[in-house]
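To keep things clear, I will list the structure first and then write my remarks on it.
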Amino acid sequence: MSSVPEIRIRRANQAPVRPNAKRVLYWMTAARRLDSNFALQRAVEWARKLDRPLLVLEALRCGY
């Protein structure tokens with residue numbers, strides 16, 4: 000069971016989960032916090048479920 004509320008979970012695309020992938024990617028776009036970050040919580044859950052490392056990516060704009 001997920002610690003993330005169902006209302007906060009939605010499918011981003013129709014691609015299946017790849018259980019043989021090398022990592023779980025969390026693409027951080029705005030929420031730079033560990034608490035109350037449902038997307039990060041969900042990524043951690045998937046990483047644990049698949050027993051894969053979690054890679055956090057934060058792409059910065061030019062001139063940041």
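Start counting the sequence shown at 0; every next residue gets the next number (numbering that gives the first Met the number 0).
Each residue gets a CB set at the ideal place from its N, CA and C atoms; glycine is no exception.
Just so we're clear, the structure is a prediction, and the values are computed from it rather than from any experiment.
Own chain, CB closer than 6 Å to residue i, minus 5 neighbours either side, in chain order
| i | result |
| --- | --- |
| residue 17 | none |
Limits of the alpha helix (DSSP H) - the one that residue i falls within
| i | result |
| --- | --- |
| residue 23 | Taken as a continuous stretch (DSSP letters only), residue 23 belongs to no alpha helix (DSSP H), being part of the beta strand (DSSP E) at 23-26. |
| residue 38 | 37-49 |
Chain-order list of residues whose beta-carbon lies under 7 Å from that of residue i (same chain, five-residue window excluded)
| i | result |
| --- | --- |
| residue 52 | 22, 46 |
| residue 36 | 30 |
Distance CB(residue i)-CB(residue j) smaller than 8 Å
| i | j | result |
| --- | --- | --- |
| residue 6 | residue 41 | no |
| residue 54 | residue 24 | yes |
Beta bridge counterpart(s) of residue i as assigned by DSSP
| i | result |
| --- | --- |
| residue 54 | 24 |
Sequence-distant residues of the same chain with beta carbon closer than 8 Å to residue i, five excluded per side
| i | result |
| --- | --- |
| residue 44 | 1, 2, 3 |
Exercise. Taking 8 Å as the threshold, find out whether the stretch 41-58 comes into contact with the stretch 24-32 through three or more Cβ pairs.
Key: yes
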